[in-house]
Amino acid sequence: MADAAIAVEGLRKRFGDVQALCGIDLSAPPGTILGLLGPNGAGKTTAVRILTTLLPPDGGTARVAGLDVVRDAAALRARIGLAGQYAAVDENLTGFENLDMVGRLYHLGRGPSRERAHELLERFSLTDAANRLAKTYSGGMRRRLDLAAALVARPPVLFLDEPTTGLDPRSRLQLWETIEARVAAGTTVLLTTQYLDEADRLADRIAVIDHGTVIAEGTPDELKSRVGGERLEVTLESYDQEQAAIEALAPLADERPKCDHGILVMPLDKSRGNIAEAVRQLDAASVRISDIALRRPTLDDVFISLTGRAAEEAEEEEAAA
Amino acid sequence: MSALAHTVADTAVVAKRNLLRIPRQPDLWVSFTIQPVIFVVLFVYVFGGAISTPGYDDYVDFLMPGIIVQTMSFGGFVTAIGLSDDLRKGLIDRFRSLPMARSAVLAGRTLADVATNTVSLVVMVVVGLLVGFNFTSSPLEVVAGFGLLLLFGYAFSWIFAFIALNASSAEGAQALGFIVIFPLTFASSAFVPPESMPAGVEEFAKANPISTVVDATRALLVDAPAGNDVWAALLWCIGLIAVFATLSVYRYKRAVSS
Numbered sequence: 000m001a002d003a004a005i006a007v008e009g010l011r012k013r014f015g016d017v018q019a020l021c022g023i024d025l026s027a028p029p030g031t032i033l034g035l036l037g038p039n040g041a042g043k044t045t046a047v048r049i050l051t052t053l054l055p056p057d058g059g060t061a062r063v064a065g066l067d068v069v070r071d072a073a074a075l076r077a078r079i080g081l082a083g084q085y086a087a088v089d090e091n092l093t094g095f096e097n098l099d100m101v102g103r104l105y106h107l108g109r110g111p112s113r114e115r116a117h118e119l120l121e122r123f124s125l126t127d128a129a130n131r132l133a134k135t136y137s138g139g140m141r142r143r144l145d146l147a148a149a150l151v152a153r154p155p156v157l158f159l160d161e162p163t164t165g166l167d168p169r170s171r172l173q174l175w176e177t178i179e180a181r182v183a184a185g186t187t188v189l190l191t192t193q194y195l196d197e198a199d200r201l202a203d204r205i206a207v208i209d210h211g212t213v214i215a216e217g218t219p220d221e222l223k224s225r226v227g228g229e230r231l232e233v234t235l236e237s238y239d240q241e242q243a244a245i246e247a248l249a250p251l252a253d254e255r256p257k258c259d260h261g262i263l264v265m266p267l268d269k270s271r272g273n274i275a276e277a278v279r280q281l282d283a284a285s286v287r288i289s290d291i292a293l294r295r296p297t298l299d300d301v302f303i304s305l306t307g308r309a310a311e312e313a314e315e316e317e318a319a320a
Numbered sequence: 000m001s002a003l004a005h006t007v008a009d010t011a012v013v014a015k016r017n018l019l020r021i022p023r024q025p026d027l028w029v030s031f032t033i034q035p036v037i038f039v040v041l042f043v044y045v046f047g048g049a050i051s052t053p054g055y056d057d058y059v060d061f062l063m064p065g066i067i068v069q070t071m072s073f074g075g076f077v078t079a080i081g082l083s084d085d086l087r088k089g090l091i092d093r094f095r096s097l098p099m100a101r102s103a104v105l106a107g108r109t110l111a112d113v114a115t116n117t118v119s120l121v122v123m124v125v126v127g128l129l130v131g132f133n134f135t136s137s138p139l140e141v142v143a144g145f146g147l148l149l150l151f152g153y154a155f156s157w158i159f160a161f162i163a164l165n166a167s168s169a170e171g172a173q174a175l176g177f178i179v180i181f182p183l184t185f186a187s188s189a190f191v192p193p194e195s196m197p198a199g200v201e202e203f204a205k206a207n208p209i210s211t212v213v214d215a216t217r218a219l220l221v222d223a224p225a226g227n228d229v230w231a232a233l234l235w236c237i238g239l240i241a242v243f244a245t246l247s248v249y250r251y252k253r254a255v256s257s
């Protein structure tokens, strides 16, 4: 624990009647991405605000880069970068002015601040827009500028609070690649997200958080293995052949395949056969199919099996509460 | 660098940022240029004829120092709107996560707002001269008067910074601001002599620090009898700045949490 870049024990925070964090534990070794996954209102942002010294905790301890978030708050601020849920850039400054300002406030000095600003604009493909006001930027450009601002002082620990919310798929992918590059260079990242595919793609370890409690923790694969192995999904051309398909594939599975609305789903037992074997069996039985796929369990499945409800439902609950 | 040098440098960076923003927000100019001009025109040509100001040949000479004081207090709205905007957009969170001086965001903000107040002051003086106002004191006194007005505006920027940090939105901050500014500026010697008000209101107007500042401004711009008003006005301004700067920085440190 001593050499963890992020080490959180029993962190608690209450707002009025709402217990936002009920004693969470988190840990991330240097150079890894810890994903904090949960619906809106689960307590993700509260955790980030405490770890970035914006909010004092009610109880528990949290150390980031070896520094206590309460006692060493001033020193810690020089060693972290934060990119927020809404891109915290100044719309009435240019991209360059934004980064230069942040550099000066990290006390990099006049010359190095300017140099660093140009360097980051270049790396984030914003050089052409460097002298345009940020309010003219697209959503993806703003997020990139926001992330660049978080990286100005080359912080060893980076906090990204829902960095891709509201981004189009291409911008999301670009941002993911940038984050992965930072981690490859040794940065530790705490990433909150409500997108299961994002946590799956980026995180080395994931803490699933719900109602201020960590309800599961592990690598994406560990979490997925909790809901079982791979499943075969076959889409039939015609509903008439449901029964024939079930008969044809039954020998490949432990349990009898289920078929609903022309889609057959069954767990695939590797010892009995693979997807090629399934195709042969279906062909032999003259079952016509329009699609066949091996489906690995997603984190959506994990979330449902952990909480008994889908991530979206959990969100609606929070909204209604 | 020492902590003090850091504070000064950080404040300068934030002040520069806010100064850069001014020419890029033309919609904001309305509040510190056109709005006060409308007030002058309304008071001079609508109410002026009905208000008697013993000791003054022309209502304009009585009005201008008072209405400029009110305009300086309106400068606080620029502070409040700017800070509320920064809070809402997450910029304050970013600043609070940086290793910068804890007073710099507010000090830089209020300092830059002295610039917008200076623009307002110039606009008001020009409009005043156009509607017949005359400086009747010495140039040195006039300069001192401008200094006092800007100091008073600076004090109101700190009051409004505190309001913005405690309000939940820019609209909330503006509503709160009007509740503070309207009674204080109208129930004062700014627009009509307090002697013409009913008892009670008259007492309030005479005790009102805005009256002290207005009377001091009159003394410095049109050579009205000052008494101790100039020094009292100066003390009021410094006192307000000390109190509200302390309160605001304390509030800023204590998590301006959503």
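Chains H and R supply the protein sequences, listed in that same order.
Start counting the first sequence at 0; every next residue gets the next number (numbering that gives the first Met the number 0).
Start counting the second sequence at 0; every next residue gets the next number (numbering that gives the first Met the number 0).
Every residue, glycine too, gets a C-beta built ideally from N, C-alpha and C.
H:SER289: member of the beta strand (DSSP E) spanning 288 to 294, first to last residue. Looking at the backbone, the Cα of H:HIS106 and that of R:ARG101 are separated by about 14 Å.
Using a Cβ-Cβ cut-off of 7 Å, H:THR52 is close to SER96 of chain R, given in chain order. Proximity of H:GLU232 to chain R, defined by a Cβ-Cβ separation below 8 Å, is not satisfied.
The Cβ atoms of H:VAL156 and H:THR192 lie no closer than 8 Å to each other. Contact annotation: H:ILE303 and H:VAL233 have beta-carbon atoms that are not nearer than 8 Å. Between the C-alpha atoms of H:CYS21 and H:GLY9 there is a straight-line separation of about 8 Å. Membership of H:ARG131 in any beta strand (DSSP E) is not indicated, and neither H nor E is assigned to it by DSSP.
For H:PRO266, DSSP records a beta bridge to H:ARG230. For R:ASP9, a Cβ of chain H is located within less than 8 Å of the residue's own Cβ. Below the 9 Å Cβ cutoff, chain R contributes no neighbours of H:MET140, its closest Cβ being approximately 16 Å away. Fewer than three pairs of CB atoms, one per stretch, sit closer than 8 Å, so the segment 76 to 84 of chain H makes no contact with the segment 241 to 250 of chain H. Out of R:SER167, R:PRO192, R:ALA215 and R:VAL125, the CA that lies nearest to the CA of R:LEU150 is found in R:ALA215.
The Cβ of H:ALA244 sits no closer than 8 Å to any Cβ of chain R. Given a length threshold of 4 residues, each whole run of the alpha helix (DSSP H) inside the segment 188 to 256 of chain H is given here in chain order: 195 to 201, 219 to 224 and 241 to 248.
Among the residues facing chain R, H:ARG103 is included, as its CB has a counterpart in that chain under 8 Å away. DSSP places H:THR44 outside any beta strand (DSSP E); the residue lies instead in the alpha helix (DSSP H), whose first and last residues are 43 to 50. Boundaries of the alpha helix (DSSP H) around R:GLU140: 138 to 165. In the three-state reduction of the DSSP assignment, R:VAL125 falls in the helix class, which pools H, G and I.
Beta-carbon to beta-carbon, R:LEU18 and R:ALA79 are separated by about 18 Å, too far to satisfy the 8 Å threshold.
Counting the other CB atoms within 10 Å of its CB gives R:THR135 a total below 16, which places it among the exposed residues. H:THR135 and R:PRO53 have their alpha carbons spaced roughly 56 Å apart. Excluding the 5 residues flanking it on each side, R:SER30 has same chain C-beta neighbours closer than 6 Å at PHE76, in chain order. A straight-line Cα-Cα distance of about 11 Å links R:VAL12 and H:ASN97.
Near chain H, meaning a CB-to-CB distance below 7 Å, the residues of the segment 17 to 32 of chain R are LEU19, ARG20, ARG23 and GLN24.
Counting along the chain, R:LYS15 sits inside the alpha helix (DSSP H) bounded by residues 2 to 20.
For H:LEU33, no Cβ of chain R is located within less than 8 Å of the residue's own Cβ.
In the three-state scheme derived from DSSP, where H, G and I count as helix and E and B as strand, H:GLY307 is classed as coil. As a beta-bridge residue in DSSP terms, H:ARG13 pairs with H:GLN18. As far as DSSP is concerned, R:GLY74 takes part in no beta bridge. Counting the other CB atoms within 10 Å of its CB gives R:ALA49 a total below 16, which places it among the exposed residues. Those residues of the segment 175 to 196 of chain H placed with their C-beta closer than 7 Å to a C-beta in chain R do not exist. Counting other Cβ atoms within 10 Å of its Cβ, H:LEU144 reaches 16 or more and is therefore classed as buried. Distance from the CA atom of R:SER210 to the CA atom of R:GLY127, rounded to whole angstroms, is 20 Å.
With contacts defined as CB atoms closer than 8 Å, H:ALA244 and H:LEU235 qualify as a contacting pair. With respect to chain H, the C-beta atom of R:VAL118 has no partner C-beta closer than 8 Å.
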